[in-house]
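Colleague: First, the structure itself, so that you have it in front of you.
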Amino acid sequence: QKEVEQDPGPLSVPEGAIVSLNCTYSNSAFQYFMWYRQYSRKGPELLMYTYSSGNKEDGRFTAQVDKSSKYISLFIRDSQPSDSATYLCAMSHNNAGNMLTFGGGTRLMVKP
Amino acid sequence: DVKVTQSSRYLVKRTGEKVFLECVQDMDHENMFWYRQDPGLGLRLIYFSYDVKMKEKGDIPEGYSVSREKKERFSLILESASTNQTSMYLCASSLLDRNEQYFGPGTRLTVT
Numbered sequence: 178q179k180e181v182e183q184d185p186g187p188l189s190v191p192e193g194a195i196v197s198l199n200c201t202y203s204n205s206a207f208q209y210f211m212w213y214r215q216y217s218r219k220g221p222e223l224l225m226y227t228y229s230s231g232n233k234e235d236g237r238f239t240a241q242v243d244k245s246s247k248y249i250s251l252f253i254r255d256s257q258p259s260d261s262a263t264y265l266c267a268m269s270h271n272n273a274g275n276m277l278t279f280g281g282g283t284r285l286m287v288k289p
Numbered sequence: 016d017v018k019v020t021q022s023s024r025y026l027v028k029r030t031g032e033k034v035f036l037e038c039v040q041d042m043d044h045e046n047m048f049w050y051r052q053d054p055g056l057g058l059r060l061i062y063f064s065y066d067v068k069m070k071e072k073g074d075i076p077e078g079y080s081v082s083r084e085k086k087e088r089f090s091l092i093l094e095s096a097s098t099n100q101t102s103m104y105l106c107a108s109s110l111l112d113r114n115e116q117y118f119g120p121g122t123r124l125t126v127t
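The listed protein sequences derive, respectively, from chains A and B. Residue numbering for the first sequence follows this note's numbering, beginning at 178 and increasing consecutively. Residue numbering for the second sequence follows this note's numbering, beginning at 16 and increasing consecutively.
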């Protein structure tokens, strides 16, 4: 079993829909959680960074962490075709600039 | 904005050739990382470096070496390229004590 699991998709939604992307993990020591967006044939770009449990909002994006369930989510409101990309979750057990553990990514397609 | 650049976007090499992939960052980051990304396997760490001339093995270092002679530059070397090293190679950097990694655009290497 992988340490971090993501449904690879593709997840196809109509424009304007609320999108929910999720990761589950097995290592309870993870405390720092990130979401990256990766467009086709490009490098990942950091979208959201959260620590421990709770919610964090940035524009149309909300990151949610539930450490008790070992489950993190990224919500995208009013989804746009430009949101079509692969979304990767990543996590770490400390903030020491060490290695991150990545999920395999979920491919999202937003149809106009 | 953090800028991480990689020497080539696309590269085609023959089996047995020595291959150099270069990465440069302009934000004075201490940490630099080399990953490969393959469908179904996600991002896997090859090597990372937290200082000039320092290196640490990641999850899959076999068949690779690295060099960090200057803080801003981190090179990945394939001593004798093989077909199973055909992949997307991603470089990233971060501050010494921060988890947020910033990625370059990637190099798609094909070994024939």
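Just so it is clear, CB atoms sit at the ideal spot from N, CA and C, and this is done for glycine as well.
What separation, rounded to the nearest whole angstrom, lies between the Cα atoms of Ser203 (chain A) and Ile75 (chain B)?
Modeller: Roughly 21 Å between the two C-alpha positions.
Colleague: Taking 7 Å as the limit between beta carbons, can you name the residues of its chain near Gly31 (chain B), skipping five residues before and five after?
Modeller: The answer, listed in chain order, is Ser95 and Ala96.
Colleague: Output needed for Gly186 (chain A): all residues of its chain with C-beta closer than 7 Å, excluding positions within five of it in sequence on either side, in chain order.
Modeller: Once the five neighbours on either side are set aside, the close Cβ partners of Gly186 (chain A) are Thr283, Arg284 and Leu285.
Colleague: If you draw a straight line from the C-alpha of Thr125 (chain B) to the C-alpha of Arg59 (chain B), how long is it?
Modeller: So the alpha carbons of these two residues sit roughly 18 Å apart.
Colleague: Distance check for Asp235 (chain A) and Arg29 (chain B), CA to CA, integer angstroms please.
Modeller: Each residue's alpha carbon lies about 46 Å from the other.
Colleague: Counting contacts by CB-CB distance shorter than 8 Å, is Pro76 (chain B) in contact with chain A?
Modeller: Judged by the 8 Å Cβ criterion, Pro76 (chain B) is not in contact with chain A.
Colleague: Verify whether the separation of the beta carbon atoms of Ser90 (chain B) and Phe48 (chain B) is less than 8 Å.
Modeller: No, they are not a contact pair.
Colleague: If you run the structure through DSSP and keep just helix, strand and coil, what is Ser256 (chain A)?
Modeller: Reduced to three states, the DSSP call for Ser256 (chain A) is coil.
Colleague: Per DSSP, what are the beta-bridge partners of Gln21 (chain B) in this structure?
Modeller: Answer is B:Cys38.
Colleague: So which residues of chain B does Leu251 (chain A) contact, with C-beta pairs closer than 9 Å?
Modeller: Under the 9 Å cutoff, chain B gives no residues; its nearest Cβ is about 16 Å from Leu251 (chain A).
Colleague: Please check if any C-beta of chain B sits within less than 8 Å of the C-beta of Gly281 (chain A).
Modeller: Chain B, which has a Cβ nearer than 8 Å to the Cβ of Gly281 (chain A), makes this yes.
Colleague: For a test of the three-state rule: what should DSSP assign to Asn271 (chain A), helix, strand or coil?
Modeller: Here Asn271 (chain A) sits in coil by DSSP.
Colleague: According to DSSP, is Thr127 (chain B) part of a helix, a strand, or is it coil?
Modeller: Correct three-state label for Thr127 (chain B): coil.
Colleague: Can Arg88 (chain B) and Lys68 (chain B) be called in contact, C-beta distance under 8 Å?
Modeller: No, they are not a contact pair.
Colleague: Put Gln241 (chain A) into one of helix, strand or coil per three-state DSSP.
Modeller: Strand at Gln241 (chain A).
Colleague: Does Val27 (chain B) pass the burial test, meaning 16 or more other C-beta atoms within 10 Å, or should it be called exposed?
Modeller: Exposed, since its Cβ has fewer than 16 Cβ neighbours within 10 Å.
Colleague: Buried or exposed: where does Pro289 (chain A) fall if 16 or more other Cβ atoms within 10 Å of its Cβ makes it buried?
Modeller: That one is exposed.
Colleague: From the DSSP output, which residues share a beta bridge with Arg284 (chain A)?
Modeller: DSSP lists A:Thr263 as partners of Arg284 (chain A).
Colleague: Return helix, strand or coil for Thr30 (chain B), following the three-state DSSP convention.
Modeller: Reduced to three states, the DSSP call for Thr30 (chain B) is coil.
Colleague: Using only CA atoms, which one of B:Gly55, B:Thr127 and B:Glu37 lies nearest to Ser108 (chain B)?
Modeller: The candidate whose alpha carbon is nearest that of Ser108 (chain B) is B:Glu37.
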